[in-house]
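All remarks here apply to the structure that follows.
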Amino acid sequence: MGLIQSGARTVLGMNVLFLLLLGFSFLFMRSDSGARVVAQLTLIPVVLGIVASIAVLYTGWEPFE
Amino acid sequence: MVSIDWRIRRLGQTVFTVWAVTTLSFVLVRLMPGNPMGAMVRRLERQGVNPVRARELVSLRLNVDPNQPIPIAYMNYMVDMVQGNLGVSTYYSDPVSVILAEALPWTLFVLSWATFISFFVGIAVGALMAYWEGGKLDVGLTSWAILMGSIPFYVLAILMLIFLSYRFGWFPTGGKQPTGVTAGFNWAYISGIIHHAALPVGSMLVASGVASLGMRGNSIRVLGSDYLRVARLRGLSDATISTQYVARNAVLPMYTEFLISIGQMFGGSIVLEQVFQYRGVGWYMLSALNQRDYPLLMGGFVLITLAVVIALLIADLTYSLVDPRVQEGGNDAY
Numbered sequence: 001m002g003l004i005q006s007g008a009r010t011v012l013g014m015n016v017l018f019l020l021l022l023g024f025s026f027l028f029m030r031s032d033s034g035a036r037v038v039a040q041l042t043l044i045p046v047v048l049g050i051v052a053s054i055a056v057l058y059t060g061w062e063p064f065e
Numbered sequence: 066m067v068s069i070d071w072r073i074r075r076l077g078q079t080v081f082t083v084w085a086v087t088t089l090s091f092v093l094v095r096l097m098p099g100n101p102m103g104a105m106v107r108r109l110e111r112q113g114v115n116p117v118r119a120r121e122l123v124s125l126r127l128n129v130d131p132n133q134p135i136p137i138a139y140m141n142y143m144v145d146m147v148q149g150n151l152g153v154s155t156y157y158s159d160p161v162s163v164i165l166a167e168a169l170p171w172t173l174f175v176l177s178w179a180t181f182i183s184f185f186v187g188i189a190v191g192a193l194m195a196y197w198e199g200g201k202l203d204v205g206l207t208s209w210a211i212l213m214g215s216i217p218f219y220v221l222a223i224l225m226l227i228f229l230s231y232r233f234g235w236f237p238t239g240g241k242q243p244t245g246v247t248a249g250f251n252w253a254y255i256s257g258i259i260h261h262a263a264l265p266v267g268s269m270l271v272a273s274g275v276a277s278l279g280m281r282g283n284s285i286r287v288l289g290s291d292y293l294r295v296a297r298l299r300g301l302s303d304a305t306i307s308t309q310y311v312a313r314n315a316v317l318p319m320y321t322e323f324l325i326s327i328g329q330m331f332g333g334s335i336v337l338e339q340v341f342q343y344r345g346v347g348w349y350m351l352s353a354l355n356q357r358d359y360p361l362l363m364g365g366f367v368l369i370t371l372a373v374v375i376a377l378l379i380a381d382l383t384y385s386l387v388d389p390r391v392q393e394g395g396n397d398a399y
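Here's what the structure looks like:
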């Protein structure tokens with residue numbers, strides 16, 4: 001396992017944690033608040049990070065090999 | 066002797082940790098001098114309200130029995146916690162879960178970008194520094210990283226606030242969202258959010274200096290290992306050694322350190338959000354402390370504890386995927 005694979009697992013763990021906390025926020029926040037906007041903005045890098053890291057892990061992409 | 070799967074044992078440890086920290090938070094908060102009634106009475110008295118009238122108003126407002134024994138209060142609190150009820154803030158008169166849910170995205174917005182940038186910049190810069198060890202790039206970047214790592218992030222935050230906000234006026238001096246703009250998915254609001262979060266994120270990027278030093282140190286330590294001497298003797302190229310041998314082993318200690326640092330970042334957000342008057346979870350935690358708002362204070366503690374414990378659990382359960390040597394279990398990752 002190379003640097004990209006290890007890094008992808010770290011990014012995946014980190015983003016899953018952020019996703020859990022955002023899930024808590026979405027459960028309890030008011031629908032018309034600015035917090036909902038910023039939560040959705042935070043969701044973008046978090047979801048992108050999860051998708052990218054899963055893609056890297058699934059394909060076994062290792063450009064330095 | 067019955068062998069319990071290490072994952073189940075690890076989950077049990079997690080539940081115990083949550084219970085222990087929740088109990089400790091309850092005890093420590095109750096041991097603090099003062100109480101919510103006293104804090105509110107003093108505030109009303111400062112506003113010129115008669116002390117007797119102030120006590121009556123506070124009793125009505127708080128709607129609590131101040132004579133409730135602590136064991137009963139503890140039992141009620143734990144039962145509520147298990148049911149997911151964090152209580153009602155005595156200061157804001159809103160459910161704690163709503164206050165935290167509204168504050169958390171702002172903190173996560175700053176943390177997610179700061180950690181994302183610092184992690185990738187740290188690894189990239191650290192790998193470059195280790196690869197050209199002793200060169201001008203390494204010396205320059207190491208000096209810069211040591212300087213950045215030596216400055217506490219809150220000092221850097223104050224310096225940035227003084228120069229970039231007050232002196233040059235490039236960034237807002239406080240707050241988390243633009244005033245006079247309707248909250249929603251419009252460019253004025255979104256750009257305002259980014260503008261307000263720029264300095265908090267920037268001051269947290271000081272961690273990238275520390276991360277790059279950590280990556281450099283790990284890489285250089287790995288570079289001196291026996292198996293790398295063997296790799297060199299086998300005639301492998303520098304590129305193969307640096308990517309296949311050095312980077313893989315250098316990134317492992319960073320993995321757990323990075324996830325543990327998430328807890329430290331949540332703690333650091335208390336100071337950071339106070340400096341920038343950025344109303345996230347940290348800002349509400351300090352406000353709750355000043356107002357002796359027990360439910361909000363303990364709710365914040367529990368939320369941060371859960372975040373750290375879940376992060377460590379993820380680190381532990383996935384560590385065997387990163388490092389096959391711990392695949393058989395029995396050893397915690399941290």
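Protein chains in written order, with the working numbering: chain A, 1 to 65; chain B, 66 to 399.
C-beta atoms are modelled at their ideal positions from N, C-alpha and C, and glycine is treated no differently.
Treat the numbers as computed from the prediction; the structure is a model and nothing was measured.
Outcome for residue i when other beta-carbon atoms lying within 10 angstroms are tallied against a minimum of 16
| i | result |
| --- | --- |
| Leu48 of chain A | exposed |
| Gly60 of chain A | exposed |
| Asn128 of chain B | Residue placement at Asn128 of chain B is poorly supported in this model, since its pLDDT is 49, which falls under 50; the coordinates still yield a value, given next. Exposed, by the Cβ-count rule. |
| Thr87 of chain B | buried |
| Thr42 of chain A | buried |
| Val51 of chain A | exposed |
| Arg72 of chain B | exposed |
| Val144 of chain B | exposed |
| Val204 of chain B | exposed |
| Ile44 of chain A | exposed |
| Phe81 of chain B | exposed |
| Phe341 of chain B | buried |
| Val117 of chain B | exposed |
| Asp381 of chain B | buried |
| Val106 of chain B | buried |
| Ile227 of chain B | exposed |
| Val153 of chain B | buried |
| Glu65 of chain A | Residue placement at Glu65 of chain A is flagged as unreliable, the pLDDT there being 45, under the threshold of 50; a coordinate-derived value is accordingly withheld. |
CB-CB length for residue i against residue j, believed under 8 Å
| i | j | result |
| --- | --- | --- |
| Leu21 of chain A | Ile54 of chain A | Not really, about 19 Å apart at Cβ, beyond 8 Å. |
| Tyr292 of chain B | Ala168 of chain B | Contact doesn't hold; Cβ gap of about 49 Å is too wide. |
| Asp229 of chain B | Phe218 of chain B | As written in the sequence, residue 229 of chain B is Leu, which differs from the Asp given in the question. Not quite, the Cβ-Cβ distance comes to about 15 Å (not below 8 Å), so this is no contact. |
| Ala372 of chain B | Phe331 of chain B | 6 Å |
| Met14 of chain A | Thr370 of chain B | Contact doesn't hold; Cβ gap of about 18 Å is too wide. |
| Leu301 of chain B | Thr79 of chain B | Going by Cβ atoms, the distance from Leu301 of chain B to Thr79 of chain B rounds to 42 Å, so no, they are not a contact pair. |
| Val271 of chain B | Met213 of chain B | 5 Å |
| Arg357 of chain B | Ala119 of chain B | Contact flag wrong, Cβ pair sits at about 15 Å. |
| Lys241 of chain B | Arg344 of chain B | 6 Å |
| Phe24 of chain A | Val46 of chain A | Contact flag wrong, Cβ pair sits at about 13 Å. |
Interface flag, residue i vs chain E, CB-CB below 8 Å
| i | result |
| --- | --- |
| Thr207 of chain B | In the structure shown, chain E cannot be found, because the protein chains are A and B. |
Which parts of the segment 170–217 of chain B are runs of the alpha helix (DSSP H), unbroken and 4 residues or longer, counting only runs that do not cross its ends?
-> If only uninterrupted alpha helix (DSSP H) runs of at least 4 residues are considered, those enclosed by the segment 170–217 of chain B are 201–215.
Should the segment 351–364 of chain B be called in touch with the segment 156–169 of chain B, which here means at least 3 C-beta pairs below 8 Å?
-> Contact between the segment 351–364 of chain B and the segment 156–169 of chain B is present, because at least three Cβ pairs lie under 8 Å.
Would you call the segment 362–376 of chain B and the segment 88–96 of chain B touching, i.e. three or more CB-CB distances under 8 Å?
-> Three or more pairs of CB atoms, one per stretch, sit closer than 8 Å, so the segment 362–376 of chain B contacts the segment 88–96 of chain B.
State whether the segment 240–249 of chain B contacts the segment 29–39 of chain A, with contact taken as three or more CB pairs (one from each stretch) at a distance under 8 Å.
-> With the cut-off at 8 Å, the segment 240–249 of chain B and the segment 29–39 of chain A touch.
Can you list, in chain order, the residues of the segment 17–38 of chain A whose Cβ is nearer than 9 Å to any Cβ on chain B?
-> Cβ contacts with chain B come from Leu17, Phe18, Leu20, Leu21, Leu22, Phe24, Ser25, Phe26, Leu27, Phe28, Met29, Arg30, Asp32, Ser33, Gly34, Ala35, Arg36, Val37, Val38.
Can you find at least 3 beta carbon pairs, one from the segment 169–176 of chain B and one from the segment 22–34 of chain A, that sit closer than 8 Å?
-> The segment 169–176 of chain B vs the segment 22–34 of chain A: in contact.
Touch check for the segment 250–269 of chain B and the segment 329–347 of chain B: three-plus C-beta pairs under 8 Å?
-> Touching, per the Cβ criterion.
Using a Cβ-Cβ cut-off of less than 7 Å, give me the residues of the segment 151–171 of chain B that come near chain A, in sequence order.
-> Against chain A - using a Cβ distance shorter than 7 Å - the residues of the segment 151–171 of chain B are Ser162, Val163, Ala166, Glu167, Leu169, Pro170, Trp171.
Closer than 8 Å, Cβ to Cβ, to anything on chain B: give me those residues from the segment 41–63 of chain A, in chain order.
-> Answer set for the segment 41–63 of chain A: Leu41, Thr42, Pro45, Val46, Gly49.
What alpha helix (DSSP H) runs, 4 residues minimum, are completely inside the segment 234–272 of chain B?
-> Correct list: 252–269.
Quick one, which residues of the segment 70–95 of chain B are near chain A if we go by CB-CB under 8 Å, in chain order?
-> Per Cβ criterion, the list is empty.
Contact list for the segment 242–260 of chain B against chain A, Cβ threshold 8 Å = Hits within the stretch, in order: Gln242, Ala248, Gly249, Phe250, Tyr254, Ile255, Ile258.
Any alpha helix (DSSP H) of 4 or more consecutive residues that is wholly inside the segment 3–56 of chain A = 3–28, all fully within the segment 3–56 of chain A.
Can you give me, in chain order, the residues of the segment 352–381 of chain B that have a beta carbon less than 7 Å from any beta carbon in chain A?
-> Listed in sequence order: Ala372, Ile375, Ala376, Ile379, Ala380.
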